[in-house]
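**Q**
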Amino acid sequence: MTEPGPAIEARGITRRFGAVVAVNEVSLDIPRAQIYGFLGPNGSGKSTTIRMLCGLLLPQAGTIRVLGHEVPREAEALRRQIGYMTQKFSLWDDLTVLENLRFMARAYTLGTERSARRIAAVLEEYRLGELRDRLAAEMSGGQRQRLALATATLHEPPLLMLDEPTSAVDPQSRRDFWESLFALVARGTTILVSTHYMDEAERCHRLAILSEGRLVAEGEPATLMDGLPLHVVEVKTGAIEAARRELHRLPAMRSLAQLGLRLHVLLDNGVADPAGLVRAALSAAGIDAEVLLARASLEDVFVAATLPRAAAGTGAAP
Amino acid sequence: MSAAAEFFQRVAAVAGKEVRQLRRDRLTAGMIFGVPLLLILIFGYGINFDVRHLRAAWADDANSSGSRALVADIAASQVVDFVARARGPEELRRLIASGEVSVGLYLPPDFERRRLGGERALAQLFIDGSEPGVEAAARALAGIPVRDRLTAPLRRTATLEVLTEYNPERRTAVQIVPALIGVILTMTMVVFTAIALVRERERGNLELLITTPVRPVELMLGKLLPYVAVGLVQTSIVLGAGVLLFQVPVNGSVAQLYAGATLFIAATLALGLLISTVARTQFQAMQLGYFVMLPSILLSGFMFPFEGMPVAVQWLAQALPLTHFNDILRGVILRGASLGDMSRPLLKLTAFFVVAVAVAAMRFRKRLG
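Line by line, the protein sequences give chains A and B.
One point on numbering: in my numbering, the residue at position 240 of the first sequence is 240, and numbering is uninterrupted.
One point on numbering: in my numbering, the residue at position 29 of the second sequence is 347, and numbering is uninterrupted.
1) Could you give the residue range of the beta strand (DSSP E) that holds A/His69?
2) Would B/Lys541 pass as a contact of B/Glu324 if the rule is Cβ separation under 8 Å?
3) Please report whether the beta-carbon of B/Lys335 lies at a distance below 8 Å from any beta-carbon of chain A.
4) B/Lys684 lies in the alpha helix (DSSP H); which residues open and close that run?
5) Using a Cβ-Cβ cutoff of less than 8 Å, which residues in the same chain neighbour A/Ala281 once the five nearest sequence positions on both sides are dropped?
6) Please look up how many angstroms separate the CB atoms of A/Ala296 and A/Met198, rounded, as I've assumed it's under 8 Å.
7) Given a threshold of 16 other Cβ atoms within 10 Å of its Cβ, counted over all protein chains shown, does A/Tyr108 qualify as buried or as exposed?
8) Could you tell me the alpha carbon to alpha carbon distance between A/Asp29 and A/Ala10, rounded to whole angstroms?
9) Report the rounded CA-to-CA distance for A/Ile287 versus A/Ala272, giving the unit in angstroms.
10) Which runs of the alpha helix (DSSP H) spanning at least 4 residues fall entirely within the region 376 to 451 of chain B, listed in chain order?
11) Suppose contacts are defined by Cβ-Cβ distances below 8 Å. Is B/Glu409 in contact with B/Ala439 by that definition?
12) Quick one: Cα of B/Phe609 to Cα of A/Ser167, how far?
13) What are the boundary residues of the beta strand (DSSP E) that A/His231 is part of?
14) Can you list, in chain order, the residues of its chain with a C-beta nearer than 7 Å to that of A/Gly12? Leave out the 5 residues immediately preceding and following it.
15) Since A/Val216 contacts A/Leu293 with CB under 8 Å, what's their CB separation in whole angstroms?
16) Would you mind telling me which residues of chain A sit closer than 8 Å to B/Ile513, beta carbon to beta carbon, in chain order?
17) Distance cutoff 8 Å, beta carbons only. Does A/Ser283 sit that close to anything in chain B?
18) Does the pairing of the region 75 to 91 of chain A with the region 142 to 155 of chain A give three or more beta-carbon distances under 8 Å?
19) With 7 Å as the C-beta to C-beta threshold (strictly closer), list the residues of the region 522 to 537 of chain B near chain A in chain order.
20) Which of the three DSSP states, helix, strand or coil, is assigned to A/Phe271?
21) Among residues of its own chain, excluding the 5 on either side of B/Ala679, which ones have a beta-carbon nearer than 6 Å to its beta-carbon?
22) Would you kindly work out how many angstroms separate the C-alpha atoms of B/Gln567 and B/Trp633, rounded to a whole number?
23) For a minimum of 4 consecutive residues, which ranges assigned as the alpha helix (DSSP H) are wholly contained in the region 500 to 546 of chain B?
24) Look at the alpha carbon of A/Gln143 and the alpha carbon of A/Leu128, and state the distance between them as a whole number of angstroms.
25) Nearest-angstrom Cα distance between A/Arg15 and A/Ala75?
26) When burial is assigned at 16 or more other CB atoms within 10 Å of the CB, is B/Asn381 buried or exposed?
27) Is A/Met253 close to chain B? Criterion is C-beta to C-beta, closer than 8 Å.
28) Around the C-beta of A/Leu298, are 16 or more other C-beta atoms found within 10 angstroms, so that it is buried, or is it exposed?
29) Is there at least one Cβ from chain A nearer than 8 Å to B/Glu418's Cβ?
30) Going along the region 342 to 366 of chain B in order, which residues come within less than 9 Å of chain A, judged by CB to CB distance?
31) Give the C-beta separation of B/Met611 and B/Thr504 to the nearest angstrom, bearing in mind that I take them to be a contact with Cβ-Cβ under 8 Å.
32) B/Arg648 CB to nearest chain C CB: under 8 Å?
33) Please check if any C-beta of chain B sits within less than 8 Å of the C-beta of A/Arg206.
34) Could you tell me whether any Cβ in chain B is nearer than 8 Å to the Cβ of A/Arg73?
35) For B/Ala603, which residues in the same chain have their Cβ closer than 7 Å to its Cβ, ignoring the five residues on either side in sequence?
36) Taking B/Arg342 as part of the alpha helix (DSSP H), name the residues at either end of that continuous run.
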């Protein structure tokens, strides 16, 4: 990757569907040869953003440059440089693994020699060799996902756009899949991946958190966690329900979630001694509890970023 | 690789994929052969413009030897089969209204006086106008001569023989079967391509397909080409059945017939593709397909003479590929015309194909939503 500048630059892109603003003035700089994650719940605008970035949807406002090409005007020229993996499996169920790969190789006009070499390479890399004559319809979720990645990388694109690639696969397949992504990045590929799994988001080099079509936080996962403008307190108690009621009365309380026997509490960072505040509130109510300050997780960052804006600040990294 | 080579390779990629998918789809593959064979058998034997054996009733208020002779003559023509005798015109009307008979013959009490006078019609024929073809048959009946013992036997007693000489059944088959090639192809071809793109969209394949370098026109041609071969197979089935079962003579050149058929098939498939760019679901595509099919069959001159239609409808018919293919079929098969004589319909089919593919490709955006 000798070309300078980010792989993707987007400025103020907006897309409405009827009255719903699916993507609202999102700006992005996605660096080359990294994994860049889109984290957000369903309906937050992840898929719509990805589709605009690869020219499948027209933005109603804003500008996009991908690998130096202006999108959507030069989208066609970008086709060979992008590998795309759709959220829903979109290869042909009634074709075999090999037939699917051969069709895509011909669609990208790889030529006889290169397509033979590339098909052999992806069959090997994504452990599809023994499945080569299996119909796509008869494969498991993990196998289909490997076929989809094999297809997306067949023409060796410098940029991969993966829309929730792991939503239909088991945990082991997800781990293997991420190993494959890091192998691709090591060879210089830029990867844009959307997810709603925290553990996956944490593995990205950089992350954008989307909520209701807006970019609400952006940065490296560690920076986002360290820079969380909220205190994280964990409460361990036998009287969980009583403690929950008590904590909900605290004006500084922003979010509360139960994790097994513990309560996970986010408090305003204006509070000087968050653990002391919680301890005092609980003992005043006669609840025996163990209260500890905790390190912010990515989930806390996500929760903070998607709280009503007035309550939690922007949550952006410094 | 040159741009042209890439173009052909991508068209071949799409066409190859389509063929593989078609081969896996056993039911559709079976229908390719089964449907035209079934249709040619049903239509070939079933469609007969020479209506015979209509169920009829009669009421004879004259009850003379002359009136009985007329009833017998009409019965002998086999155009109608008398199945009921009514008491008067009211009952005849009721029998027609109930659907028991399609034709009612009424011989009035003054039948003999009318026969001698020769000014008024001898008898009345009640016809069920709701059934096409019945009226035409009745008109033929109206001209039937009456035996007259007072005068010399009428010259035209040979009406029945004239009809026989005409050989009604065979004549219909000879007219019908060539046109059936076009009708059957319209029925199968339009739907094949109408669902072609919509199916990709419904199954979610389109989102991936449009991220590849395959261009709209390449996608259209790739989707269309395999079905041209399918259409030629169907042409052979219908033509073969027509020659073997219905003794349809092929007076012109078979090669020229196939050349015309290829153009027609391509034009019809292109029409299907156009539908496919409008419809969002397979169900909509099927509905639109039938929407095109019926006017094609009714207005192409297959059923009714083209000349009898209002000018506006004639224009509409001109826009249908089947109209021009019928010209070619009748010309080549029945009149032994060469393709040179058929240059106008051929040119129109070519123009239709080019325009339809171009519009379909322009309508097809490589975008979602």
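All residues carry an ideal CB built from backbone N, CA and C; glycine is no exception.
These figures come from a predicted structure and were not determined experimentally.
**A** In terms of the structure at hand:
1) In the DSSP assignment, A/His69 falls within the beta strand (DSSP E) that extends over His69 to Val71.
2) Their beta carbons are not under 8 Å apart, which means B/Lys541 does not touch B/Glu324 by this criterion.
3) With its beta carbon less than 8 Å from one in chain A, B/Lys335 belongs to the interface.
4) Segment: none, B/Lys684 is in no alpha helix (DSSP H) and carries neither H nor E.
5) Sequence-distant Cβ neighbours of A/Ala281 in its own chain, meaning closer than 8 Å and more than five residues away, are Glu246, Leu247, Arg249 and Leu250.
6) The Cβ separation is near 12 Å, so there is no contact.
7) Result: buried.
8) Roughly 7 Å between the two C-alpha positions.
9) Cα to Cα, A/Ile287 sits roughly 22 Å from A/Ala272.
10) For the region 376 to 451 of chain B, whole alpha helix (DSSP H) runs of length 4 or above, ordered along the chain, are 383 to 394, 407 to 415 and 429 to 435.
11) Taking the C-beta atoms as reference points, B/Ala439 is found no nearer than 8 Å to B/Glu409.
12) Going from the Cα of B/Phe609 to the Cα of A/Ser167 covers about 41 Å.
13) Unbroken beta strand (DSSP E) run through A/His231: Leu230 to Thr237.
14) Closer than 7 Å at Cβ, skipping near neighbours: Glu25, Ser27, Ala61 and Gly62.
15) At roughly 25 Å, the Cβ-Cβ gap does not stay under 8 Å, so A/Val216 and A/Leu293 are not in contact.
16) Within chain A, no C-beta atom comes less than 8 Å from the C-beta of B/Ile513; the nearest is roughly 14 Å away.
17) Taking Cβ atoms only, chain B never reaches closer than 8 Å to A/Ser283, which makes this a no.
18) Inter-segment contact for the region 75 to 91 of chain A and the region 142 to 155 of chain A is present: three or more beta-carbon pairs are separated by less than 8 Å.
19) So the list reads Gly522, Asn523, Glu525, Leu526, Ile528, Thr529, Thr530, Pro531 and Val532, given in the order they occur along the chain.
20) Residue 271 of chain A is actually Val in this sequence, not Phe. It is coil, neither helix nor strand.
21) Excluding positions up to five away in sequence, the list reads Pro534, Val535 and Met538.
22) Note on residue identity: the sequence assigns Pro, not Gln, to residue 567 of chain B. Whole-angstrom Cα-Cα distance: 31 Å.
23) Entirely contained in the region 500 to 546 of chain B, the alpha helix (DSSP H) runs reaching 4 residues are, in chain order, 524 to 527.
24) Each residue's Cα considered, the two are about 8 Å apart.
25) In a straight line, the C-alpha of A/Arg15 is about 17 Å away from that of A/Ala75.
26) Within a 10 Å sphere around the beta-carbon of B/Asn381 sit fewer than 16 other beta-carbons, which makes this residue exposed.
27) So no, A/Met253 is outside the interface.
28) A/Leu298 should be labelled buried.
29) In terms of beta-carbon proximity, B/Glu418 stays away from the interface with chain A, with every pair separated by 8 Å or more.
30) Against chain A - using a Cβ distance shorter than 9 Å - the residues of the region 342 to 366 of chain B are Arg342 and Asp343.
31) The C-beta distance from B/Met611 to B/Thr504 rounds to 6 Å, short enough to fall under 8 Å.
32) No chain C is part of this structure, whose protein chains are labelled A and B.
33) A/Arg206 has a beta carbon lying at 8 Å or more from every beta carbon in chain B.
34) Cβ-Cβ to chain B under 8 Å: no for A/Arg73.
35) Once the five neighbours on either side are set aside, the close Cβ partners of B/Ala603 are Ala512, Ile513, Val516, Ile593, Ser594 and Ala597.
36) Where B/Arg342 is concerned, the enclosing alpha helix (DSSP H) stretches over Ala321 to Arg342.
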